[in-house]
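Going by my numbering, the first residue of the sequence shown is number 246, and it counts up by one from there.
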Amino acid sequence: MYDKIRYMESTIISPSILSADFSDLKQEIASVKKAGAKWLHIDVMDGHFVPNITIGVPVVKSLRAVTDLTLDIHLMIEHPEKYIEPFAAAGADILTFHYEACEDSAKVKEVISKIKSFGIKAGLSIKPKTKPEEIYEYLPLIDLVLVMTVEPGFGGQEFMHECAMKIPKIKEHCPDNVIIQVDGGINNITSKICKSLGATSLVAGSYIYKSNDYKKAIQNLL
Ligand code: DX5
Ligand code: ZN
């Protein structure tokens with residue numbers, strides 16, 4: 246399913262359930278699927294790497310049981326290596342971890358290999374203050390690179406234009422099959438900026454889930 250989507254020309258929209266109604270997640274997921282989404286972005290926060298605490302392994306497992314959408318999991322956690330196996334067992338399709346959560350290059354490579362060892366796709370994310378040059382060496386090893394355009398931790402923040410300027414630099418150093426994803430402050434205007442700079446996947450939380458027409462919101466991002 247994932248590869249079929251990857252080779253399509255259009256942008257991959259990944260609705261972030263962080264802005265969904267948590268008391269009714271099953272319905273909220275069915276609604277974005279009906280609205281055309283193929284991926285679902287799940288923000289995992291540990292209260293250490295970022296100040297917020299959100300979703301963990303049991304919730305991912307429960308969601309896997311009720312949806313066939315590609316589960317695109319964004320790990321905003323310390324010690325990502327400890328949680329690869331549980332999230333893989335819970336049904337993750339893509340596991341994206343943070344470069345800043347790793348103390349050195351060996352750790353980054355170890356986490357990438359560990360994710361791949363479970364037969365799932367590996368993503369690497371950078372926070373707003375991290376320079377794109379710092380991750381060039383890992384681009385041939387991963388399936389997805391996630392450029393944060395807000396400080397990770399909360400939905401509904403304003404898009405940081407200067408972060409989007411990292412996209413062309415990353416694209417220049419990226420194998421063609423690596424998905425370039427952007428997360429934070431994505432709406433009908435910032436989506437166009439990111440796509441024109443080379444993004445191939447857009448995460449959107451509040452723009453989709455706070456709208457009253459999910460289908461129209463997703464279409465506005467394509
Ligand atoms: C922020 C998360 C995002 C968040 C985006 O740390 O990684 O995925 O849900 O929310 P919006 O689209 O509202 O900026
Ligand atoms: Zn995210």
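All C-beta atoms in this analysis are idealised placements derived from N, C-alpha and C, irrespective of residue type, glycine included.
For Ala367, same chain residues with a beta-carbon under 7 Å away, outside a window of 5 residues either side, are Leu340, Ile357, Ile360, Lys361, Ile387 and Asp388 in chain order. With a threshold of 6 Å, the Cβ atom of His319 counts as near the ligand ZN, since some heavy atom of the ligand is closer than that.
Contact between the segment 292-299 and the segment 327-338 is absent, with fewer than three C-beta pairs closer than 8 Å. Exclusion of Asp291 from the 6 Å shell around the ligand ZN follows from its C-beta lying no nearer than that to any non-hydrogen atom of the ligand.
In this structure Ala310 is not in contact with Tyr459, their Cβ atoms being roughly 22 Å apart against a cut-off of 8 Å.
Taken atom to atom, the span from the alpha-carbon of Ala275 to that of His286 is near 14 Å. Under DSSP, Pro260 forms a beta bridge with Ala449. For Phe342, the enclosing beta strand (DSSP E) has its first and last residue at Ile339 to His343. Rounded to whole angstroms, the gap between the alpha carbons of Ala449 and Asp349 is 30 Å.
Residue range Thr435 to Leu442 is occupied by the alpha helix (DSSP H) that includes Thr435. The C-beta distance from Phe332 to Val353 rounds to 18 Å, too long to fall under 8 Å, and the pair is not in contact. With fewer than 16 other Cβ atoms from the protein chains shown falling within 10 Å of its own Cβ, Ile434 counts as exposed.
Within the segment 380-424, complete beta strand (DSSP E) segments of at least 3 residues are found at 389-393, given in chain order.
With a 10 Å radius around the Cβ and a threshold of 16 neighbouring Cβ atoms, Met321 comes out buried. Per DSSP, Lys327 lies in no alpha helix (DSSP H) and is assigned neither H nor E. Excluding sequence positions up to five before and after Thr445, its CB lies within less than 8 Å of the CB of Thr256, Ile257, Ile424, Ile425 and Gln426, all in the same chain and listed in chain order.
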